[in-house]
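Q:
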Amino acid sequence: SQALSKKQFKKSMTKKSHSWWWDSHNCPKNSKWLAQNLEKMDDRVKHMLKLIEEDADSFAKKAQMYYQKRPELIHLVEEFYRMYRALAERYDQASGELQKIHLSGIQPQGSLEKSSPASQEKSSHPHKEEEDSSSLSDSDSDSKSVPDHSSVNDEDGDEALIRRMADLEIELQETKEKLIHLQQECVDGDNNTLLQKITVYEGELKEANIKIRMHEEEIAILKTELKSCISSEAETQLIGVEQESLDLVKEETKDAAATLFCSTTSDLLTFSDFFYFQTLRKKQFKRSTTKKSHSWWWDSHNCPKNSKWLAENLEKMDDRVKHMLKLIEEDADSFAKKGQMYYQKRPELIHLVEEFYRMYRALAERYDQASGELQKNQQSQGSLDQSSPTSSRRHKEEEESSSWTDPGSDSDSKSVDDHSSASDEDGDEALIRELREANEKIRMQEGEIVNLKVEIQSCMSSGAEEKLKLAQNDADTLRNKLNAEKKEVPKLVERLAMVKTSLQDRDNEVRSLKTAVSDAEEKIFPEKAQIKGEMSKLVEERRQLGEQLRELESHIRLIMEEKAGIEEKLKGESEKISVMKDESNVLRDEIGKREEKIKEMEKHMKELHMEHVRLRRRSSELAEEVERTRVAASEAAEQKREAIRQLCMSLEYYKDGYDRLRNVVTGHKRGVVLAS
1 SQALSKKQFK
11 KSMTKKSHSW
21 WWDSHNCPKN
31 SKWLAQNLEK
41 MDDRVKHMLK
51 LIEEDADSFA
61 KKAQMYYQKR
71 PELIHLVEEF
81 YRMYRALAER
91 YDQASGELQK
101 IHLSGIQPQG
111 SLEKSSPASQ
121 EKSSHPHKEE
131 EDSSSLSDSD
141 SDSKSVPDHS
151 SVNDEDGDEA
161 LIRRMADLEI
171 ELQETKEKLI
181 HLQQECVDGD
191 NNTLLQKITV
201 YEGELKEANI
211 KIRMHEEEIA
221 ILKTELKSCI
231 SSEAETQLIG
241 VEQESLDLVK
251 EETKDAAATL
261 FCSTTSDLLT
271 FSDFFYFQTL
281 RKKQFKRSTT
291 KKSHSWWWDS
301 HNCPKNSKWL
311 AENLEKMDDR
321 VKHMLKLIEE
331 DADSFAKKGQ
341 MYYQKRPELI
351 HLVEEFYRMY
361 RALAERYDQA
371 SGELQKNQQS
381 QGSLDQSSPT
391 SSRRHKEEEE
401 SSSWTDPGSD
411 SDSKSVDDHS
421 SASDEDGDEA
431 LIRELREANE
441 KIRMQEGEIV
451 NLKVEIQSCM
461 SSGAEEKLKL
471 AQNDADTLRN
481 KLNAEKKEVP
491 KLVERLAMVK
501 TSLQDRDNEV
511 RSLKTAVSDA
521 EEKIFPEKAQ
531 IKGEMSKLVE
541 ERRQLGEQLR
551 ELESHIRLIM
561 EEKAGIEEKL
571 KGESEKISVM
581 KDESNVLRDE
591 IGKREEKIKE
601 MEKHMKELHM
611 EHVRLRRRSS
621 ELAEEVERTR
631 VAASEAAEQK
641 REAIRQLCMS
651 LEYYKDGYDR
661 LRNVVTGHKR
671 GVVLAS
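Numbering (full-length UniProt numbering), first residue to last: 1 to 676.
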């Protein structure tokens with residue numbers, strides 16, 4: 001009773017713990033978009049809390065229920081992460097647009113912005129942006145449908161597109177800086193370096209064109225791989241049909257073999273144990289697939305490059321997702337440990353759901369506020385945009401960036417769907433043929449099932465053990481085939497998803513590269529014409545430099561004549577140096593002979609020294625021997641003195657005994673004489 005009361009108390013505490021942070025937010029009044037978005041988030045939070053707080057009677061049921069919930073929990077974590085990431089990118093982009101509008105409106109219209117309340121509201125929201133937000137306007141419509149799974153691949157491709165466009169803009173800025181630097185060098189007169197740099201830039205343009213061609217070839221290869229993967233999807237469907245037929249075979253063999261097992265042998269492995277091990281293998285296979293399933297949607301987002309705020313915010317979210325996946329995927333040895341572990345994880349999982357909900361709600365409110373400020377800013381600047389063409393162009397860009405709820409990303413997804421549908425129509429005939437082959441295989445397997453039934457009935461009458469072994473072998477082979485086909489199915493699915501995402505990324509990258517190269521060529525064309533005019537000037541200057549070079553060559557001839565006279569003087573001095581070298585060689589020979597004599601003397605001295613050392617060592621050894629003999633002699637003399645001392649003592653003892661004996665004998669003789 002106490003245990004039940006404790007469990008009820010824990011349940012009530014967990015329910016109370018998440019009621020105050022969740023139920024108080026169920027009535028958003030800011031905007032319709034915020035209400036719809038938070039309503040979807042509330043449904044997912046309800047479902048996740050229901051999964052976490054569901055209870056069971058025994059540890060076995062708790063552990064089984066935990067493993068059944070695990071893939072669904074991971075799927076919910078995946079949805080939370082995708083929704084949060086998409087909303088964070090949208091908020092980051094909206095804040096960048098606000099800052100861009102604020103900065104562009106300050107320069108030409110400083111006096112008008114003082115009177116507008118929208119500009120004052122924008123200045124009160126500081127945002128940290130590191131890159132130009134103009135490169136992000138192409139991907140506004142791709143992050144609108146947050147909870148839809150169809151737009152996730154578009155968002156993944158847009159991230160690579162945004163990063164690539166930012167890199168290309170940085171490269172264009174660098175090329176502009178280099179061209180300005182080249183113009184300054186032209187003014188200064190550094191002509192040779194200018195020509196070299198022009199050739200280098202032309203080589204870089206050629207390399208960029210070669211890279212674009214290589215990317216186009218890669219895209220063609222990926223398209224062919226996509227077609228092959230689409231055909232592999234049909235093969236997976238056929239594998240599913242074959243799996244169902246194999247399951248039927250196994251169920252029928254299980255029933256027949258169980259009856260034979262009860263009647264004939266008790267030593268063989270039962271089919272219940274066999275299917276128990278098979279269920280364990282299925283669970284392990286599900287665990288491996290769940291681990292693989294959340295790696296592709298999460299590890300691909302770990303490097304945000306849009307802004308510092310987005311990177312820090314997503315890094316916190318990544319840490320929480322890691323911790324939650326670790327809690328969900330942790331395993332134990334026994335059912336009791338699994339059940340205990342499930343109850344230990346429950347409050348921590350609820351706390352993580354609470355943090356996810358708080359972060360998502362705060363971000364949604366901030367994004368709703370930023371979008372409202374964008375709309376206010378557009379309305380306040382509508383009258384100003386009519387007067388200047390540049391402001392009208394900026395107003396159009398802001399309208400395109402602020403329309404978050406319009407389905408603008410349908411064109412990209414439709415193009416991908418059209419491509420996939422065309423490839424599906426091409427592969428319909430192959431699918432029909434493969435389905436016919438699958439039906440034939442199913443018929444053959446049904447015939448095998450009938451044969452197995454006949455064999456099982458014959459096993460019941462005669463030769464039960466041998467035919468049971470054959471049936472078990474057939475079941476093992478079918479099981480091995482089934483396991484092999486099951487292992488191939490998730491690999492093909494993952495490969496198809498990876499190929500689709502990579503193909504979309506490459507398409508977007510090629511589009512961005514083409515637009516960037518065309519923009520760069522348009523910008524570089526007038527500058528290139530100007531550089532050609534400057535090159536003609538440089539050719540004239542080069543002719544003048546050639547005349548100066550001729551004058552310098554005549555001057556070099558005079559210097560060469562002076563050099564010949566100096567070389568003759570050097571020859572006479574070199575002869576003197578050779579005579580001095582001969583004398584020095586003679587002296588070196590004498591020095592070498594004397595050094596040899598000195599070495600012989602040193603060698604003799606070393607030998608004498610070694611002999612002296614040996615003799616001193618021998619004298620010390622002899623002195624030690626003399627000392628040892630002296631000590632031995634003194635010890636022998638002492639031993640002799642001790643022996644003499646003991647002999648004297650024994651003589652005195654015997655002498656005293658003799659005197660006493662003599663006195664006794666004399667006394668006895670006197671007594672005898674007196675008695676007689």
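The beta carbon of each residue, even a glycine, is placed where N, CA and C say it ideally should be.
What separation, rounded to the nearest whole angstrom, lies between the Cα atoms of Glu97 and Leu549?
A: Near 59 Å, if we compare the C-alpha coordinates of Leu549 and Glu97.
Q: Taking C-beta to C-beta, are Tyr360 and Met41 nearer than 8 Å?
A: The answer is yes: Cβ separation under 8 Å.
Q: Can you check whether the CB of Ala370 is closer than 8 Å to the CB of residue 707?
A: Outside the modelled stretch of the chain, which goes from 1 to 676, sits residue 707, for which no answer is possible.
Q: Compute the beta-carbon to beta-carbon distance between Tyr91 and Arg511, rounded to the nearest angstrom, for a pair I have assumed lies under 8 Å.
A: The pair is not a contact, with the Cβ atoms about 26 Å apart (cut-off 8 Å).
Q: Rounded to whole angstroms, what's the CA-CA distance from Ala475 to Ser502? Just pull it up for me.
A: The alpha-carbon atoms of Ala475 and Ser502 are separated by roughly 41 Å.
Q: Applying the 10 Å Cβ sphere with the 16-neighbour rule, what's the burial state of Gln43?
A: With the sequence shown as reference, residue 43 is identified as Asp, and Gln is not the correct amino acid for it. The residue in question, Asp43, is exposed, as its Cβ has fewer than 16 Cβ neighbours within 10 Å.
Q: Please report the distance separating the alpha-carbon of Glu521 from that of Glu567.
A: Cα to Cα, the separation comes out at about 59 Å.
Q: For Asn377 versus Ile170, is the C-beta distance shorter than 8 Å?
A: Taking 8 Å as the Cβ cut-off, Asn377 and Ile170 do not qualify as a contacting pair.
Q: Would you call Leu374 buried or exposed, if buried means 16 or more other Cβ atoms sit within 10 Å of its Cβ?
A: So Leu374 counts as buried.
Q: Within 10 angstroms of the Cβ of Ala623, are there 16 or more other Cβ atoms? Answer buried if so, exposed if not.
A: Ala623 should be labelled exposed.
Q: Can you list, in chain order, the residues of its chain with a C-beta nearer than 6 Å to that of Thr560? Leave out the 5 residues immediately preceding and following it.
A: Checking the sequence shown, residue 560 turns out to be Met, not Thr. Hits under 6 Å: none found.
Q: Are Met317 and Tyr84 close, meaning C-beta to C-beta below 8 Å?
A: Yes, the Cβ-Cβ distance between Met317 and Tyr84 is below 8 Å.
Q: Pull up the distance between the alpha-carbon of Glu595 and that of Ser619, whole angstroms please.
A: Roughly 36 Å separates the two Cα atoms.
Q: Would you report the Cα separation of Leu470 and Leu478, rounded to the nearest angstrom?
A: Computed Cα separation, rounded: 12 Å.
Q: Could you tell me which of Asp507, Val489, Lys491 and Ile524 sits nearest to Glu174, measuring between CA atoms?
A: It is Ile524 whose Cα lies nearest to the Cα of Glu174.
Q: Taking only the alpha-carbon atoms, compute the straight-line gap between Val631 and Gln646 and give it to the nearest angstrom.
A: Roughly 23 Å separates the two Cα atoms.
Q: For Glu509, count the other beta carbons within 10 Å of its own beta carbon; 16 or more makes it buried, fewer makes it exposed. Which is it?
A: Glu509 is buried by the Cβ-count criterion.
Q: Would you call Asp333 buried or exposed, if buried means 16 or more other Cβ atoms sit within 10 Å of its Cβ?
A: Per-residue confidence for Asp333 stands at a pLDDT of 46, beneath the threshold of 50, marking its modelled position as unreliable; the derived number appears in the next sentence. Flag for Asp333 reads exposed.
Q: Suppose the cutoff is 8 Å on Cβ atoms and the five residues either side in sequence are ignored; what does the same chain contact list for Met601 look like?
A: Around Met601: no qualifying Cβ.
Q: Rounded to whole angstroms, what's the CA-CA distance from Ala497 to Lys528? Just pull it up for me.
A: Roughly 45 Å between the two C-alpha positions.
Q: Let me confirm a value: Val672 is counted as buried when at least 16 other C-beta atoms fall within 10 Å, else exposed. Which label applies?
A: Exposed: under 16 other Cβ atoms inside 10 Å.
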